[in-house]
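Below is one structure; the comments refer to it alone.
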Amino acid sequence: PLSKNCSISHNHYTLIKMKHFTSVILFLIVASIGVTVNAIVTGTYFDRIVLVIFENTGYTKAIAQDYFKNITQRSNGLLLSNFFAVTHPSQPNYIAEIYGSTAGITDDSNHNIAGKNLVDLLEAKAGNCYTGATAPSGQHLYARKHNPFISMDDIRTNSTRCAKIVPGTQLDTDINNNAVPQFVYYTPNQNNDGHDT
Numbered sequence: 001p002l003s004k005n006c007s008i009s010h011n012h013y014t015l016i017k018m019k020h021f022t023s024v025i026l027f028l029i030v031a032s033i034g035v036t037v038n039a040i041v042t043g044t045y046f047d048r049i050v051l052v053i054f055e056n057t058g059y060t061k062a063i064a065q066d067y068f069k070n071i072t073q074r075s076n077g078l079l080l081s082n083f084f085a086v087t088h089p090s091q092p093n094y095i096a097e098i099y100g101s102t103a104g105i106t107d108d109s110n111h112n113i114a115g116k117n118l119v120d121l122l123e124a125k126a127g128n129c130y131t132g133a134t135a136p137s138g139q140h141l142y143a144r145k146h147n148p149f150i151s152m153d154d155i156r157t158n159s160t161r162c163a164k165i166v167p168g169t170q171l172d173t174d175i176n177n178n179a180v181p182q183f184v185y186y187t188p189n190q191n192n193d194g195h196d197t
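Taking UniProt numbering, the leading residue of the sequence shown gets 1, the next gets one more, and so forth.
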């Protein structure tokens, strides 16, 4: 296990060497979708943010795919297409998304980082949030380098926060139960994240 508080085993991750990191990040700002969840804070313009991370596929190629074209044309979503990696390889980019900088990380090795991060800011406000996604038990399609939350000391060593790092299948369950958190950070597994397309 990564720590006594986090039950995520390093064995659940497969570290795969990446090609040049060309990211396509779909940042969907989901308007109020009629979902009721305890402690939801009603926003002026939107109630939920769903951040889905795809990588290694250029924007032109990705947006030409019917699936991506469809979700970006929804009336309750927004596509922000001018996102680029801050460095190479993967992990420093993921760290920068929630930490605000790469924290000096230049590789995909396991790192533990102290300091305030996005989760600290989100938890200061009322509402529910995911802090990441991991592979269902027995699957090795996720890499720790793609889950920046587990690198944060104040998440990894806190059982309450660690409990919010959930399998991607939990999002399906939450959608079906009208219980989608206000912030969802979703990293598809390496077979479905555009990693080697």
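C-beta: ideal position from N, C-alpha, C; glycine also. Predicted model only: the values in this text are computed from it and were never measured.
Original post:
Considering only residues of the segment 159 to 190, which uninterrupted beta strand (DSSP E) runs meet the minimum length of 3 residues and lie entirely inside it, listed in chain order?
Top reply: 165 to 167 and 183 to 186
Original post:
Apart from the five residues on each side of it in sequence, which residues of its chain come closer than 6 Å, Cβ to Cβ, to residue 141?
Top reply: Locating residue 141 in the sequence shown gives position 141, where the first residue counts as 1. The answer, listed in chain order, is 135, 189, 190 and 191.
Original post:
Is DSSP giving residue 104 helix, strand or coil here?
Top reply: Your numbering for residue 104 matches position 104 in the sequence shown. Three-state DSSP puts residue 104 in coil, outside helix and strand.
Original post:
Smallest Cα separation from residue 150: which of 121, 122 and 99?
Top reply: One-based indexing of the sequence shown puts residue 150 at position 150. Considering only alpha carbons, the answer is 99.
**OP:** Would you mind giving the Cβ-Cβ distance between residue 102 and residue 86, rounded to the nearest angstrom? I have them listed as a contact below 8 Å.
**Re:** Your numbering for residue 102 matches position 102 in the sequence shown. Your numbering for residue 86 matches position 86 in the sequence shown. 6 Å between Cβ atoms; contact.
Original post:
Which residue comes first and which comes last in the alpha helix (DSSP H) that contains residue 68?
Top reply: For the purposes of this step, residue 68 is taken as residue 68 along the sequence shown, with counting starting at 1. Unbroken alpha helix (DSSP H) run through residue 68: 66 to 72.
Original post:
Using 8 Å as the limit for Cβ to Cβ distance, is residue 80 near chain C?
Top reply: Here chain C cannot be found, since the structure has a single protein chain.
Subject >> Whether residue 78 touches residue 186 by CB criterion (8 Å) >> reply: Working through the sequence shown from its first residue, we reach residue 78 at position 78. Working through the sequence shown from its first residue, we reach residue 186 at position 186. No, these two residues do not count as a Cβ contact at 8 Å.
**OP:** Jot down the residue ranges of each uninterrupted alpha helix (DSSP H) in the segment 73 to 101, minimum 4 residues, whole runs only, in chain order.
**Re:** 90 to 99
Original post:
Considering only the beta carbon of each residue, do residue 180 and residue 48 sit closer than 8 Å?
Top reply: Along the sequence shown, one-based indexing puts residue 180 at 180. Along the sequence shown, one-based indexing puts residue 48 at 48. Yes, these two residues count as a Cβ contact at 8 Å.
**OP:** Going by CA-CA distance only, name the one from 59, 194, 90 and 184 that's closest to residue 122.
**Re:** One-based indexing of the sequence shown puts residue 122 at position 122. Nearest of 59, 194, 90 and 184 to residue 122, Cα basis: 184.
Original post:
With distances taken from CA atoms, which of 156, 82 and 113 is nearest residue 165?
Top reply: Here residue 165 refers to the residue found at position 165 of the sequence shown. Nearest option by C-alpha distance: 156.
Subject >> residue 152 versus 176, 111 and 58, residue with shortest Cα-Cα distance >> reply: Numbered from 1 along the sequence shown, position 152 holds the residue referred to as residue 152. When each option's Cα is compared against that of residue 152, the closest is 111.
Original post:
How about residue 148 and residue 94: do their beta carbons lie closer than 8 Å?
Top reply: Taking the sequence shown and counting its residues from 1, one reaches residue 148 at position 148. Taking the sequence shown and counting its residues from 1, one reaches residue 94 at position 94. Their beta carbons are under 8 Å apart, which means residue 148 touches residue 94 by this criterion.
Original post:
Based on Cα-Cα distance, which residue from 97, 82 and 60 lies nearest to residue 119?
Top reply: Start at 1 with the first residue of the sequence shown, and residue 119 comes out as number 119. Taking only the C-alpha atoms, the option nearest residue 119 is 97.
Subject >> Simplified DSSP assignment, three categories, for residue 155 >> reply: Within the sequence shown, the letter at position 155 stands for residue 155. Helix.
Original post:
So what does DSSP say about residue 40, is it helix, strand or coil?
Top reply: Translated into the one-based positions of the sequence shown, residue 40 becomes position 40. Of the three classes helix, strand and coil, the one that applies to residue 40 here is coil, per DSSP.
Subject >> Contacts around residue 146, its chain only, beta-carbon distance under 7 Å, and the 5 residues preceding and following it disregarded >> reply: Numbered from its first residue, the sequence shown carries residue 146 at position 146. If we look at residue 146 and ignore the five residues flanking it on each side, its Cβ neighbours are 90, 94 and 187.
**OP:** Starting from residue 63, trace the beta strand (DSSP E) both ways and give me its first and last residue.
**Re:** Translated into the one-based positions of the sequence shown, residue 63 becomes position 63. It is not in any beta strand (DSSP E) - residue 63 instead sits in the alpha helix (DSSP H) that spans 59 to 63.
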